[in-house]
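*Asks:*
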Amino acid sequence: RSFTVAVVGATGAVGETMLNILAERAFPVGKLIALASARSAGGTVEFAGEKIDVQDLATFDPAGVDIALFSAGGSVSKEYAPKFAAAGAVVIDNSSAFRYDDDVPLVVSEVNPEQAQNRPRGIIANPNCSTMQMLVALGPIHREYGIERINVATYQSVSGGGRSALEELGRQTGALLNFQDPDPQRFPVQIAFNLIPHIDDFLDNGFTKEEMKLVWETRKILGDDSIQVNPTAVRVPVFYGHSEAVAIETRKKITPEQARALLESSPGVEVVDERVPGGYPTPVTHASGNDAVYVGRIREDFSHPRGLNLWIVSDNIRKGAALNAVQLAELVAKNG
Ligand code: A2P
């Protein structure tokens, strides 16, 4: 059978990639509906070589939609996702609006796919991009060796902030090379030729919400509230691809050789770990435009008896958002 699929936020950075990945993977789309704000209604987006009219979400009737992929921000999801679900659609939501609700599964397709089948509200949440790539790599290690603690510093590209953030890095880079004022608008300070240790809002505990997503989502996805996570999230002047310096402490000792062997056989992971110049993944050389989660710089943490260090890189718009959403749609489709 084929499905009526709606993409909400179809004109955005993630929405556009959702359309591309649905076509690339030949998802059984009977009818594709592209939705965005009134600003874009009347324009078109491309799907499988065809132009599709963009419709205004606010006036769209969701009756007849089988699967809706939402990536238009938390407030749009909060308002419209329940309406689509009530009309019979399965909603796959890329925002953080429902991720921490007990009756909404939070699913990385390689790590806890079985949970996509239990969705009492008709909503499945897509994890945050940084948590997503980290757990594609750490999920298999946790299963065999038991992770007690994760120290992680992220190096997150601007595309995670959507089209306006991509444009700001481009604009500021051009301005600065021409001795002009960078004029920060989308980010709190200059992002070109700089980096910013602040993503999403500050919380009372001194961490940012982006950092706490790594704590809350890791525990929910791995189903283990005892895992300790100590995150620092940093925005860097990279267009596509997030990187993470990760240090784990396991219950059972895991050597770098064991980690390499385990990760080489893990779904969605590619090990790139030669100890030579360029023998490691970077956003530009490996991640950008590709599907895998790349892992390199695997080495023993000599400051801890059961510590291991890894460098994890992936395209945040693909595996971190659009690809996982489509993989969740595939899980939904497989089960009728
Ligand atoms: P629009 O292009 O009409 O503003 P990005 O993350 O790249 O900024 O993209 C955000 C996506 O969410 C865009 O497709 C945008 O549509 C859509 N969007 C933002 N606000 C709304 C809204 N109130 N209703 C529907 N779609 C929205």
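Per our numbering: the sequence shown ends with 344, consecutive numbering throughout. Glycine is no exception: its CB is placed at the ideal position from the N, C-alpha and C atoms.
#1: Return yes when at least one heavy atom of the ligand A2P lies under 7 Å from the C-beta of Gly20, else no.
#2: Measure the C-alpha to C-alpha separation of Gly328 and Lys260 and round it to an integer number of angstroms.
#3: Are the beta-carbon atoms belonging to Asn134 and Leu336 less than 8 Å from one another?
#4: Over what stretch of residues does the alpha helix (DSSP H) that includes Tyr302 continue unbroken?
#5: Can you tell me whether Asp69 is buried or exposed? The criterion is at least 16 other CB atoms within 10 Å of its CB, across all chains shown.
#6: Would the beta-carbon of Arg326 be found less than 7 Å away from any heavy atom of the ligand A2P?
#7: Does any heavy atom of the ligand A2P sit closer than 7 Å to the C-beta of Val301?
#8: Between Glu265 and Ala241, how many whole angstroms is the CB-CB distance? I'm expecting something under 8 Å.
#9: Please identify the residue among Gly51, Gly50, Leu65, Ser165 whose C-alpha is closest to the C-alpha of Thr290.
#10: Name the one or two DSSP bridge partners that Gly315 has.
#11: Does any heavy atom of the ligand A2P sit closer than 7 Å to the C-beta of Val84?
#12: With distances taken between CB atoms, is the gap from Phe247 to Leu174 smaller than 8 Å?
#13: Counting pairs of beta carbons, one from the segment 107-121 and one from the segment 76-91, are three or more of them closer than 8 Å?
#14: Compute the Euclidean distance between the alpha carbons of Gly214 and Gly130, then round it to the nearest angstrom.
#15: Cutting at 6 Å between CB atoms, please list the residues of its own chain near Asn238, excluding the five before and the five after it.
#16: Less than 7 Å between the CB of Leu65 and some heavy atom of the ligand A2P, yes or no?
#17: Can you tell me where the alpha helix (DSSP H) holding Leu65 begins and where it ends?
#18: Would you say Ala80 touches the ligand A2P, meaning its beta carbon is less than 7 Å from a heavy atom?
#19: My understanding is that Ala42 touches Gln63, with C-beta atoms under 8 Å, so please give their C-beta distance in whole angstroms.
#20: Which word fits Phe210, buried or exposed, when buried means at least 16 other C-beta atoms lie within 10 angstroms of its C-beta?
#21: So, with DSSP's three-state summary, where would you put Pro285?
#22: Rounded to whole angstroms, what is the Cα-Cα separation between Leu331 and Tyr302?
#23: Is Val98 buried or exposed, if buried means 16 or more other CB atoms sit within 10 Å of its CB?
#24: Which residues in the same chain as Met142 place their Cβ atom closer than 8 Å to its Cβ, once the five residues preceding and following it in sequence are excluded?
#25: Let's see if you can read the secondary structure: which residues bound the alpha helix (DSSP H) around Pro148?
#26: Between Thr12 and Val84, is the Cβ-Cβ spacing less than 8 Å?
#27: Smallest Cα separation from Gly23: which of Asn324, Ser311, Thr162, Asp208?
*Replies:* In brief:
#1: Checking the Cβ of Gly20 against the ligand A2P gives yes.
#2: If you draw a straight line from the Cα of Gly328 to the Cα of Lys260, it is about 29 Å long.
#3: Less than 8 Å separates the beta-carbon of Asn134 from that of Leu336.
#4: From DSSP, Tyr302 is part of no alpha helix (DSSP H) but of the beta strand (DSSP E) over 301-308.
#5: Exposed, since its Cβ has fewer than 16 Cβ neighbours within 10 Å.
#6: It does not: the Cβ of Arg326 is nowhere closer than 7 Å to a heavy atom of the ligand A2P.
#7: No, the Cβ of Val301 stays beyond 7 Å of every heavy atom of the ligand A2P.
#8: Actually they are not in contact, since the Cβ atoms of Glu265 and Ala241 sit about 31 Å apart, beyond 8 Å.
#9: For Thr290, the closest alpha carbon among the candidates Gly51, Gly50, Leu65, Ser165 is that of Ser165.
#10: Per DSSP, Glu257.
#11: Distance from the C-beta of Val84 to the nearest heavy atom of the ligand A2P is below 7 Å.
#12: Closer than 8 Å, so yes.
#13: By the criterion of at least three beta-carbon pairs nearer than 8 Å, the segment 107-121 is not in contact with the segment 76-91.
#14: Whole-angstrom Cα-Cα distance: 34 Å.
#15: Asn159, listed in sequence order.
#16: The answer is yes for Leu65.
#17: Run containing Leu65: none; DSSP gives neither H nor E here.
#18: Distance from the C-beta of Ala80 to the nearest heavy atom of the ligand A2P is below 7 Å.
#19: Taking 8 Å as the upper bound for CB-CB distance, Ala42 and Gln63 are in contact here, some 7 Å apart.
#20: Exposed is the label assigned to Phe210, since fewer than 16 other Cβ atoms lie within 10 Å of its Cβ.
#21: Assignment of Pro285 by DSSP, reduced to helix, strand and coil, places it in the coil class.
#22: If I take the Cα positions, the gap works out to 15 Å.
#23: By the neighbour-count rule (16 or more Cβ atoms within 10 Å), Val98 is buried.
#24: Only residues of its own chain outside the window of five on either side were considered, and among them Ile158, Val160, Leu222, Thr226, Glu252, Val254, Ile320 have a CB closer than 8 Å to the CB of Met142, listed in chain order.
#25: Counting along the chain, the unbroken alpha helix (DSSP H) around Pro148 starts and ends at 137-153.
#26: No, the pair does not count as a contact, with Cβ atoms beyond the cut-off.
#27: Looking at the Cα atoms, Asn324 is the closest of the given residues.
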